[in-house]
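First comes the structure, then the notes that go with it.
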Amino acid sequence: MRENAVPHLGALREILAAGGFAVTQSTLSRDVRDLRLVKATGAEGPRYTVPEEWDHVPPLDAVLPTLLASVEVVGNLVVAHTLSGAAQAIASAIDWEEYDGLAGTIAGDDTVLIILRSEAAAEAVAAELRELAAGGG
Numbered sequence: 088m089r090e091n092a093v094p095h096l097g098a099l100r101e102i103l104a105a106g107g108f109a110v111t112q113s114t115l116s117r118d119v120r121d122l123r124l125v126k127a128t129g130a131e132g133p134r135y136t137v138p139e140e141w142d143h144v145p146p147l148d149a150v151l152p153t154l155l156a157s158v159e160v161v162g163n164l165v166v167a168h169t170l171s172g173a174a175q176a177i178a179s180a181i182d183w184e185e186y187d188g189l190a191g192t193i194a195g196d197d198t199v200l201i202i203l204r205s206e207a208a209a210e211a212v213a214a215e216l217r218e219l220a221a222g223g224g
């Protein structure tokens, strides 16, 4: 394994602690997600990396203020209306976020169907999307 390859979050937490940075597992997990890192296995073994397929996915707080038209909750579903042609980008960004209770997204041209496992999760996701669209990320 290369010296700078980090095989798992526990190892990263130990490296940070040795450098004087005490972080919790949940904070570290959130930071790894925010940095858009995923665990991959290569010739050197497991490591965290930014996958090429996510290089083109913009963060939600960057796209929602200009591309999101409206958000509606229907039971455990969220229907997000976008500008024409923007639904795929927004659906990919939502998938990247891995919201609690998220089962998946389906995108058309100007509509994203966000499927959640509960009405509470749908309300929470809709509220965050509205906040991000308003520029409150």
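One point on numbering: in this note's numbering, the residue at position 87 of the sequence shown is 174, and numbering is uninterrupted.
Virtual Cβ for every residue (Gly too), placed ideally from N, Cα, C.
All values reported here derive from a predicted model rather than from experimental measurement.
Review point. Near L170, what residues of its chain come up, given a Cβ to Cβ distance below 7 Å and the 5 sequence neighbours on each side ignored?
Key: Position 83 of the sequence shown, counting from 1, holds the residue named residue 170. So the list reads L154, A156, D197, once near-sequence residues are dropped.
**Study point:** T153, enclosing alpha helix (DSSP H) - first and last residue
**Key:** In the sequence shown, residue 153 corresponds to position 66, counting from 1. Note, T153: alpha helix (DSSP H), 147-154.
Review point. Around the Cβ of A209, are there at least 16 other Cβ atoms within 10 angstroms (buried) or fewer (exposed)?
Key: As a working mapping, residue 209 is identified with position 122 in the sequence shown. Buried, since its Cβ has 16 or more Cβ neighbours within 10 Å.
Exercise for review: Measure the Cβ-Cβ separation of L203 and L151 and say whether it is below 9 Å.
Suggested key: Position 116 of the sequence shown, counting from 1, holds the residue named residue 203. Position 64 of the sequence shown, counting from 1, holds the residue named residue 151. It is not a contact, given that the beta carbons lie outside the stated cut-off.
Exercise for review: Have a look at V199 and Y186 and give me their C-alpha separation to the nearest angstrom.
Suggested key: As a first step, residue 199 must be located in the sequence shown, where it is residue number 112. As a first step, residue 186 must be located in the sequence shown, where it is residue number 99. Each residue's Cα considered, the two are about 15 Å apart.
Check your understanding: Can you tell me the Cα-Cα spacing of L96 and A104, whole angstroms?
Key -> By 1-based counting over the sequence shown, the position of residue 96 is 9. By 1-based counting over the sequence shown, the position of residue 104 is 17. Near 12 Å, if we compare the C-alpha coordinates of A104 and L96.
Review point. What first and last residue would you give for the beta strand (DSSP E) that runs through L203?
Key: Looking up residue 203 in the sequence shown gives position 116. Note, L203: beta strand (DSSP E), 198-203.
Review point. Using DSSP with H/G/I as helix, E/B as strand and the rest coil, what is L99?
Key: By 1-based counting over the sequence shown, the position of residue 99 is 12. Looking at L99 - three-state DSSP - the assignment turns out to be helix.
Review point. Who are the Cβ neighbours of G191 in its own chain at under 6 Å, not counting the five residues just before and after it?
Key: Counting from 1 along the sequence shown, the entry for residue 191 is found at position 104. So the list reads I202, once near-sequence residues are dropped.
Review point. Does the beta-carbon distance from L147 to I102 come in below 9 Å?
Key: Here residue 147 refers to the residue found at position 60 when the sequence shown is read from its first residue. Here residue 102 refers to the residue found at position 15 when the sequence shown is read from its first residue. Not a contact, by the Cβ cut-off of 9 Å.
**Study point:** V158 - DSSP class collapsed to helix/strand/coil
**Key:** Taking the sequence shown and counting its residues from 1, one reaches residue 158 at position 71. Three-state result, V158: strand.
Review point. How is M88 classed by DSSP in three states: helix, strand or coil?
Key: For the purposes of this step, residue 88 is taken as residue 1 along the sequence shown, with counting starting at 1. Confidence is the limiting factor: at M88 the pLDDT is only 37, short of 50, which leaves the residue's position unreliable, though a coordinate-based value still follows. M88: coil per DSSP, three-state reduction.
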